[in-house]
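For what it's worth, this note's numbering labels the leading residue of the sequence shown as 1402, then goes sequentially. What follows is one structure encoded as C-alpha cells, with my remarks underneath.
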Amino acid sequence: GATWTPAQPATIPQGRQQPGLVFDSAREVVVMFGGAVMGPPLGDTWEYDGADWIEIAPAVSPSNRRSHGMAYDSKRGLVVMFGGNDGAPTDDTWEYDGETWTEVFPADKPSPREVMGMTYDPTSARVVLFGGRIDQALSSDETWAYDGVNWTLLAPMNSPGTRGNNAQAYHP
C-alpha cells in the first residue's frame, strides 16, 4: 500500500491494449480476457495468481474482442463480461466460472457498446454498467444493472452525462 514493486512472473501474456481485467476473489486470481495488439482483437483468457500468469484454454470462449466491460459477481462466484468490440460494438453477455465461458441470453440488455464502466455492487447483488461508446460519434449516459438473469435499465436522479472510456469501482 506504500510503494510499487515490480513482479517477476516466469510467464507473461503478450502486451495489449483494452483487455478486460477483473479480480476473482473466491479463487484469488486476476482474470484477463482479450484486448488488442496493434491490429485485430485477441480472444485469450489468462489468470494471474500473484506469482505467475497462466493461459487458460476453455472449451468455449467469447469472440475475440477489446474494450469490453468485466466485473466479478461475488455472490454467484462468476466473472461477468458485456459487450466490447469484435470488429463492431457488441451486446452479448458472458459468464466465466474459472473453467469455461458461457454465453447467457437475458431478455433485456444494453444496446451494443464498448469502453463502458462496469463494477459489482454487493449491496444490491448486481453488476452495474454505465455509459460506453455506441459508435464513433455517440456515447451513452445509461445505467444498467445485471442480476444474473436480466439487465435492467435504471433511472438514477443524477448522472455524470454521456461518456465512454470510463472506469468504475465499488466503494462500500
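Backbone N, C-alpha and C fix where the C-beta goes; we use that ideal spot for every residue, glycine too.
Residue i in three-state terms, based on DSSP
| i | result |
| --- | --- |
| T1494 | strand |
| S1462 | coil |
| N1566 | coil |
| I1413 | coil |
| R1534 | strand |
| N1486 | strand |
| E1429 | coil |
| T1404 | coil |
| P1442 | strand |
| Y1571 | coil |
| F1434 | strand |
Contact belief for residue i with residue j at Cβ below 8 Å, rounded distance in angstroms
| i | j | result |
| --- | --- | --- |
| D1487 | R1514 | That pair is no contact at about 13 Å. |
| Q1409 | A1437 | Actually they do not touch by this definition, with Cβ atoms about 26 Å apart. |
| A1460 | T1501 | 6 Å |
Cut-off 8 Å between Cβ atoms - residues of its own chain near residue i, not counting five sequence neighbours on either side
| i | result |
| --- | --- |
| S1475 | S1426, A1427, Y1521 and P1523 |
Neighbourhood of residue i by C-beta distance below 7 Å, restricted to the same chain and skipping five residues each side
| i | result |
| --- | --- |
| K1510 | D1492, T1494 and W1552 |
| I1413 | W1454 |
| D1390 | Since the first residue shown for the chain is 1402 and the last is 1573, residue 1390 is missing from the structure and cannot be characterised. |
Distance CB(residue i)-CB(residue j) smaller than 7 Å
| i | j | result |
| --- | --- | --- |
| S1462 | G1444 | yes |
| V1481 | A1489 | no |
| V1430 | E1456 | no |
| R1534 | G1484 | no |
| V1529 | A1508 | no |
Interface flag, residue i vs chain C, CB-CB below 7 Å
| i | result |
| --- | --- |
| G1532 | Of the protein chains in this structure there is only one, and it is not chain C. |
Residues near residue i in its chain [Cβ-Cβ closer than 6 Å; skip 5 each side]
| i | result |
| --- | --- |
| Y1497 | V1480 |
| G1499 | R1428 |
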